Amino acid sequence: MQAFPVHESFAVRQMQLIDTHTHLDFEDFDDDRDSVLQRCAAAGVERIVVLGVCRGNWDRVWQLAQDQPAVHAALGLHPVFLQEHRNEHLEQLKDWLLRLRGAEKLCAIGEIGLDYYIEEPDKERQQAVLEAQLALADEFELPVLLHVRRAHAPMIATLKHYKLKRTGIVHAFSGSFEEAREYIRLGYKLGLGGAGTWPQAQRMHRVLQQLPLDSIVLETDAPDITPHSHAGQRNSPEFLPDICRELAKIRGISTEELAAVSYRNTCGLFGWG
Numbered sequence: 317m318q319a320f321p322v323h324e325s326f327a328v329r330q331m332q333l334i335d336t337h338t339h340l341d342f343e344d345f346d347d348d349r350d351s352v353l354q355r356c357a358a359a360g361v362e363r364i365v366v367l368g369v370c371r372g373n374w375d376r377v378w379q380l381a382q383d384q385p386a387v388h389a390a391l392g393l394h395p396v397f398l399q400e401h402r403n404e405h406l407e408q409l410k411d412w413l414l415r416l417r418g419a420e421k422l423c424a425i426g427e428i429g430l431d432y433y434i435e436e437p438d439k440e441r442q443q444a445v446l447e448a449q450l451a452l453a454d455e456f457e458l459p460v461l462l463h464v465r466r467a468h469a470p471m472i473a474t475l476k477h478y479k480l481k482r483t484g485i486v487h488a489f490s491g492s493f494e495e496a497r498e499y500i501r502l503g504y505k506l507g508l509g510g511a512g513t514w515p516q517a518q519r520m521h522r523v524l525q526q527l528p529l530d531s532i533v534l535e536t537d538a539p540d541i542t543p544h545s546h547a548g549q550r551n552s553p554e555f556l557p558d559i560c561r562e563l564a565k566i567r568g569i570s571t572e573e574l575a576a577v578s579y580r581n582t583c584g585l586f587g588w589g
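Numbering-wise, the working numbering comes out as the position in the sequence shown, counting from 1, plus 316.
Right, here's the structure in full:
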């Protein structure tokens, strides 16, 4: 009997996918957030992690997680918003974590990290805020979702000092294979998304081709870092199947295999069944 091929787009719709990094609470989605979530469900994006970036958006992130079954929340203080952070916000973060301890919808501390790409970064204060949040992650046994730009060496050194019980994800990883190997040795997953789908991202392609599959998780960083297949558009978690397909092609494996391993890796990290 002749076997008829399954069309790629149909195959992707049947997959289980998790977007490990989005900012679905941002105003970019205010006009169509419910429609985006409906399209995500239709595309097989079962869970979406939405991250806090400053004290001002934790309430919005948490409320979104309470209202939407697919959404899970992470809370943190992002290095790019350093000027908005106050010392008392770290105490307030601890208070939130105490109040939400054991809550099913709280999955991590994030987005936290180091960003030396911004103009005149206050490296000392960034480091202090990062370390305070890593200490909270250790205390509450939560994974961390890390933002790292032009700061892999200090971040790796910091993670070697703070040996967390549950590690986390290096979001939007674009470093070298040697840097990737250091994170993997420390037990961290590497978040891959739209940046790696662009033809000019040749170094990222070479790194992706070498990464062990058990180190990879998928993300969009919506509304930022739009994949090549949706150039010029607002990025959205509904594009995750396209990102999966494009990265799988670069990695030299099937879309289904990358979807399956990234799903399994993510569930293992967050303790989802």
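All C-beta atoms, glycine included, are put in the ideal place defined by N, C-alpha and C. Note that the structure is predicted; figures quoted are calculated from it, not measured.
Cβ separation of residue i and residue j, assumed to be a contact under 8 Å, to the nearest whole Å
{"i": "Leu462", "j": "Gly429", "result": "5 Å"}
{"i": "Thr336", "j": "Ile532", "result": "In fact, because the Cβ distance is near 10 Å, the residues do not count as touching under 8 Å."}
{"i": "Val377", "j": "Asp341", "result": "5 Å"}
{"i": "Ala389", "j": "Ala357", "result": "Not confirmed; about 18 Å, so no contact."}
Residue i versus residue j: straight-line alpha-carbon distance, rounded
{"i": "Leu475", "j": "Thr536", "result": "24 Å"}
{"i": "Asn551", "j": "Leu458", "result": "27 Å"}
{"i": "Glu628", "j": "Gly512", "result": "Residue 628 falls outside the range modelled here, since the chain spans only 317 to 589, and no answer is possible."}
{"i": "Leu480", "j": "Leu391", "result": "17 Å"}
{"i": "Glu440", "j": "Ile364", "result": "32 Å"}
{"i": "Gln332", "j": "Tyr432", "result": "35 Å"}
{"i": "Asp540", "j": "Asp350", "result": "19 Å"}
{"i": "Gln516", "j": "Arg522", "result": "12 Å"}
{"i": "Thr483", "j": "Asp346", "result": "32 Å"}
{"i": "Ala381", "j": "Ile569", "result": "33 Å"}
{"i": "Glu343", "j": "Leu398", "result": "20 Å"}
Beta-bridge pairing of residue i - partner residues as DSSP gives them
{"i": "Ala357", "result": "Its beta-bridge partners do not exist; DSSP assigns none."}
{"i": "Val365", "result": "His388"}
{"i": "Ala463", "result": "According to the sequence as given, residue 463 is His; it is not Ala. In the DSSP output, where bridge partners are listed per residue, His463 has Gly429."}
{"i": "Lys505", "result": "Ile485"}
{"i": "Asp335", "result": "Ile364"}
{"i": "Ala424", "result": "Ala390"}
Other residues of its chain near residue i: CB distance less than 7 Å, five sequence neighbours each side excluded
{"i": "Leu529", "result": "Val577"}
{"i": "Ile559", "result": "Gly509, Gly510, Thr513, Leu534, Thr536, Pro543"}
{"i": "Arg371", "result": "His405, Gln408"}
Same chain only: Cβ atoms within 8 Å of residue i, ignoring 5 sequence neighbours per side
{"i": "Gln449", "result": "Gly392, Leu393, Leu406, Leu409, Ile425, Ile428, Val460"}
- Message: Between the segment 544-560 and the segment 496-506, can you find at least three pairs of beta-carbon atoms closer than 8 Å?
- Response: Contact between the segment 496-506 and the segment 544-560 is absent, because fewer than three Cβ pairs lie under 8 Å.
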